[in-house]
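*Asks:* Heads up: the sequence lines are chains A and B, in that order. When you line the first sequence up against UniProt numbering, it's residues 1 to 754, in that order. When you line the second sequence up against UniProt numbering, it's residues 1 to 152, in that order. Every residue, glycine too, gets a C-beta built ideally from N, C-alpha and C. Quick caveat: nothing in here was measured; it's all calculated off a predicted structure. One structure, pasted below without further comment.
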Amino acid sequence: MATLDKKLDRRSFLKVSALAGGGMVLSFSWLAGCKPTPEQALEMPKEWFELNSYIKIGENGAVTLFSPNPEFGSNVKTSMPMILADELDVDWKMVMVEQADFWPQRFERQFTGGSQGIRQGWIPLRTAGATARQMLVNAAAQTWKVPASEITSTAGVLEHKASSKKAGYGEMASLAATLEVPEDVTLKEPKDFKIIGTSKKNVDIEKIVSGKPLFSIDHKVEGMKYAAIVHPPAFGMKLKSFDKSSVSGMPGILDVFSINLFKDDYGRNFFDTTTFPEIVAIVGNSTWEVMQAKKNLAVEWENAPESNFEVAGFGGRPNTKMTVPAGLENTNLHKERMAEYIQKSGNVVRRDGDPEGMFKKAAKIIEKTYAAPFLAHNTMEPMNCFADVKGDRAVIYGPTQAPEFIMNTLSSSLGIPKENIQINLSRMGGGFGRRAYSHHLTEAALISQKIQAPVKMVYTREDDMSSGVYRPTYSATYRAALDENNNLLALHVKAGGIPETPLHANRFPAGAIDHYLAESWQIESNITIGAFRAPRSNFIAAAEQSFLDELAEVMGKDPIDFRLELLKRAETNPVGENNDYDAKRYAGVLELVRDKSNWNTPAPEVHRGVSAYFCHNSYVAEVVDTKIVDSKPVVEKVYAAVDCGIVINPDAAINMGEGAIIDGIGNAFFGELTFENGVPSKTNFDKYRMIRQKETPKSIEVHFVDSKEDPTGLGEPFFPPVFAALANSLYKATGKRYYEQPFAPQLEMQNLKM
Amino acid sequence: MATFNLTINGTSKQVDVDPSTPVLWVLRDHLDLVGTKFGCGIAQCGACTIHLDGNAVRSCQLPVSAAEGASITTIEGLSENGDHPVQKAWMEHDVPQCGYCQAGQIMTAAALLQQNPNPSEEDIENAMNGNICRCGTYLRIKAAVKTAAQNL
């Protein structure tokens, strides 16, 4: 039996009881789009009884579960309530799910990012469910005058067998809500889960397929105005002046003004990355009218000076000093500077044994350099936000992964105390890391504050793609020292990027090689960057796993066998002490994918590549099968093997895997953003090529390691390995290695059609 | 500004807007039909797909002045109860992740099946190629179109 840490339990529920007597006003059904369906409405209770932050139960047994974290497509709005429902022990059919508002006094960690939602929500959600269940049991014990320990629950029904008493949760809810919150609850054993581990449909599926308003871009209130923004055309530029009269006579235009996102004395939060802190806002009566005015606004820009500021570290890490250099940057110059850094020594991050000595005495040295460009996130829903700021109160409804972070910025920029700012969480039309950086919320809020009216601000696709916070451009050079018998003596990685390094020095193959050297470097830039699905891992996995493939070939080994040999070494006799992976679980996914893909007997005319990576606490191995059909590389099939512990919602988890693999193949083939004089070369989907239906693999198989371990990340870990699995497969198909992303230009030079 | 009489989801609607206003923004801002989504504004992503006299068109590039006299169907009017075979297939396959592009995907698929009730794999790929799904739900989209074709 698993018993919860009392301290954690008491702490989280003290917060709840503090609010039970009043406090903030509930705004649960704030959105028209979140109203229950007609079927649910028929079953609506007359009264709800709140058992804790996450759970309320009606007198008729209806259950409402609040999903705490913002939903951007990873399906937490379904899987988090599933965890609550399982411990609460209710019938999933009786459950209604509502998106919680941002409410840090009630919820533990309302952040969607780093694939941590389920991992870090696992115990708090289970505890909330189990605690509410215990309160219902205690209510029945009090009513029936029997010991609580003799009462059982089954799918929302309480029973005392000895006295043949039975009651639905609804009958006990009103009493349960008044009882003391138990300090000590017992959580289920994994074998007793009834909902966790079963596939449940997306709780919003009916609304999505019928076009109901679910996103902040769909929101509208009486008297709402519309706003567009105009930002500098190039990184390294800032606003000089604008001429309001150039558009003020246009139809539907109400106001034009500039806004400054940050107060001068504001210390920046971790996610306060903002490319253009001063922008022009155009306010009008409709989206189309403000977009027309945007094209006609007379505005002058000038070069921005270097700026320096401190940024708070993530998760309590120390602050970092940021320098944003002046100047208009070019991709060609980026490449030249990166080439210089590849030749120089970097900062040594890890050294095991005597790598330099081994390279001196090596019979053979293999050295390969890998590179990848900047990428735009390109969420399908462009950045937007609804804001209603009047006097000293603000209501913000926008797509954000990180409400807790932007709350600080909003409070400072608006000059309104946090307790007067309400952030409601919208479903997001994609996130991929981009919406952890939520300056679009501040922009809308400042616009609303200026006009003292509700406003919806919407970026054009061009605004969205040209406003930064990109995946950085990276480079990694791998070197291997081999003896005369092609035994691996040492490995050296030197990796860097603009403006951050992708290196994870303590990950595999560190720990598996006696003589290992890892160096990093980075080059400052005014092109802003941010987290992009498996930050850093998404590149370094591609480089490392491509290199290991090439190395295995030189060593005359099967690429899976070679990795397993290294992992065996890391498991049985690890080198160094800070290896942050479990070699056995790592090997487990390679073995599973080898088995499921029939690795040793590929289908005829199929070229296969393998890759494996560990990140966000999960292990993934992938095999990609390609074929050349009519001079066109076609991804025939992808096999993925995953160890992420217990899987909450298997079909949704498979969906996530399919999506991440398709995303990876798309970015590996096509993803690229370049710059000339600070101007991004692509600002819409006519030039920025995204993977589409025709380039999608013909099929994808996702296999989970059967596990009773606590769940770990899933949204990101599928993504990094696919780049190298594809590159290694294409090598088999064409005889050429692919060192530089995207691969399409090189494939086209080989007379293949892309 | 000018007055336009539109037939949307079988109902007559009158709007007073600039003639250049795309149907997308008429739907979203003036008629509160927000199921049709803004993605790119240049007919490259398909999020804004509607039916114009039964054909799938990108409403972001369709001026309101060109839509008078035609019959417009949006995702809200595809079926009365959200039970069009394509919508049901989407639910059966639990297609969406973020869900933002899916109305456009569904409208493209419904128009395809209207015109070609037994599409081949290639027909489906061709018809659906204009709709971007950033989450990468393409395999489920294709599977759902096949299921819908069987249940027409």
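#1: Quick check: the Cα distance between B:TYR100 and A:MET428, rounded to an integer number of angstroms?
#2: CB-CB under 7 Å to A:ASP580, same chain, minus the five flanking residues each way: which ones, in chain order?
#3: Rounded to whole angstroms, what's the CA-CA distance from B:SER12 to A:GLN134? Just pull it up for me.
#4: Where does A:TRP521 fall in DSSP's three states?
#5: Is A:SER12 helix, strand or coil when you go by DSSP?
#6: Please state if the CB of A:LEU179 and the CB of A:ASN138 are separated by a distance shorter than 7 Å.
#7: Sorted by chain position, which residues of the same chain lie with C-beta nearer than 8 Å to B:VAL86's C-beta, five sequence neighbours on each side aside?
#8: Report yes or no: is there a C-beta of chain A within less than 7 Å of the C-beta of B:THR21?
#9: So if I threshold CB-CB distances at 7 Å, which residues from the stretch 86-100 of chain A count as touching chain B?
#10: For A:PHE242, which option in A:GLY391, A:GLN452 and A:ASP255 has the closest C-alpha, if you only look at C-alpha atoms?
#11: Suppose only complete runs of 3+ residues qualify. What are the beta strand (DSSP E) ranges in the stretch 697-723 of chain A, listed by chain order?
#12: If you follow the beta strand (DSSP E) that A:TRP301 is in, where does it begin and where does it stop?
#13: What's the C-alpha gap between A:SER438 and A:VAL283?
#14: Spatial neighbours of A:GLU278 within its chain, please: CB distance less than 8 Å, with the 5 preceding and 5 following residues excluded, ordered by chain position.
#15: Starting from the Cα of A:LEU333, find the closest Cα among A:ARG692, A:ALA140 and A:ASN677 and give me that residue.
#16: Could you tell me whether the Cβ of A:THR78 comes closer than 7 Å to any Cβ of chain B?
#17: Using beta-carbon positions only, say whether A:ALA518 and A:MET358 come within less than 7 Å of one another.
#18: Where does the unbroken beta strand (DSSP E) through A:TYR619 begin, and where does it stop?
#19: Output yes if chain B places a C-beta closer than 7 Å to the C-beta of A:THR331; else output no.
#20: Do three or more CB pairs link the stretch 9-27 of chain B to the stretch 738-749 of chain A at distances below 8 Å?
#21: List the DSSP bridge partners of A:CYS615.
#22: For the structure I just gave you, are there three or more beta carbon pairs, one from the stretch 533-552 of chain A and one from the stretch 584-601 of chain A, closer than 8 Å?
#23: Quick check: the Cα distance between A:THR186 and A:SER411, rounded to an integer number of angstroms?
#24: Of the choices A:ASN384, A:THR369 and A:TRP122, whose alpha-carbon is the least far from that of A:SER79?
#25: Cβ closer than 9 Å: which chain B residues qualify as neighbours of A:ILE205?
#26: Ignoring anything shorter than 3 residues, give me the beta strand (DSSP E) runs that lie fully in the stretch 616-695 of chain A, in order along the chain.
#27: CA-CA distance, A:SER426 and A:PHE102?
#28: Between A:VAL181 and A:ARG106, what straight-line distance do the alpha-carbon atoms span, to the nearest angstrom?
#29: Mind checking if B:ILE132 is an interface residue toward chain A, Cβ cutoff 7 Å exclusive?
#30: Quick check: what's the CA-CA separation for A:ASP514 versus A:ALA490?
#31: Any beta carbon from chain B within less than 7 Å of A:GLU676's own beta carbon?
#32: Grouping DSSP H, G and I as helix and E and B as strand, with all else coil, what is B:GLN44?
#33: Please check if any C-beta of chain B sits within less than 7 Å of the C-beta of A:LYS6.
#34: Suppose contacts are defined by Cβ-Cβ distances below 7 Å. Is A:ARG689 in contact with A:PHE670 by that definition?
#35: Which residues in chain A sit within 9 Å of B:ARG58, going by Cβ to Cβ distance?
#36: Where A:ASN655 and B:VAL34 are concerned, what is the direct C-alpha to C-alpha distance, given to the nearest angstrom?
*Replies:* Quick answer:
#1: 8 Å
#2: ASN506 and ARG507
#3: Roughly 56 Å between the two C-alpha positions.
#4: strand
#5: Any answer about A:SER12 is weak, because its pLDDT of 41 lies below 50 and its placement is not dependable; what the coordinates show is given next. Helix.
#6: yes
#7: LEU78, ILE106, ALA109, ALA110, LEU113, ALA144, VAL145 and ALA148
#8: At least one C-beta of chain A is nearer than 7 Å to the C-beta of B:THR21.
#9: none
#10: The shortest C-alpha separation from A:PHE242 is found at A:ASP255.
#11: Within the stretch 697-723 of chain A, the complete beta strand (DSSP E) runs of at least 3 residues are 699-704.
#12: 298-303
#13: 20 Å
#14: LYS238, LEU239, SER258, ILE259, ASN260 and LEU261
#15: A:ASN677
#16: no
#17: no
#18: 618-629
#19: no
#20: no
#21: Looking at the DSSP assignment, A:CYS615 forms a beta bridge with A:SER618.
#22: With a cut-off of 8 Å, the stretch 584-601 of chain A and the stretch 533-552 of chain A do not count as touching, because too few Cβ pairs lie within range.
#23: In a straight line, the C-alpha of A:THR186 is about 40 Å away from that of A:SER411.
#24: A:TRP122
#25: TRP90, MET91, ASP94, VAL95, PRO96 and GLY99
#26: You should have 618-629 and 632-643.
#27: 10 Å
#28: 15 Å
#29: yes
#30: 7 Å
#31: no
#32: In the structure shown, B:GLN44 sits in coil (DSSP, three-state: anything other than H, G, I, E or B).
#33: Bear in mind that a pLDDT of 35 at A:LYS6, under 50, signals an unreliable position, so the number given afterwards is only what the model happens to contain. Not an interface residue.
#34: yes
#35: Among the residues of chain A, none has a CB under 9 Å from the CB of B:ARG58; the nearest is roughly 12 Å distant.
#36: 26 Å
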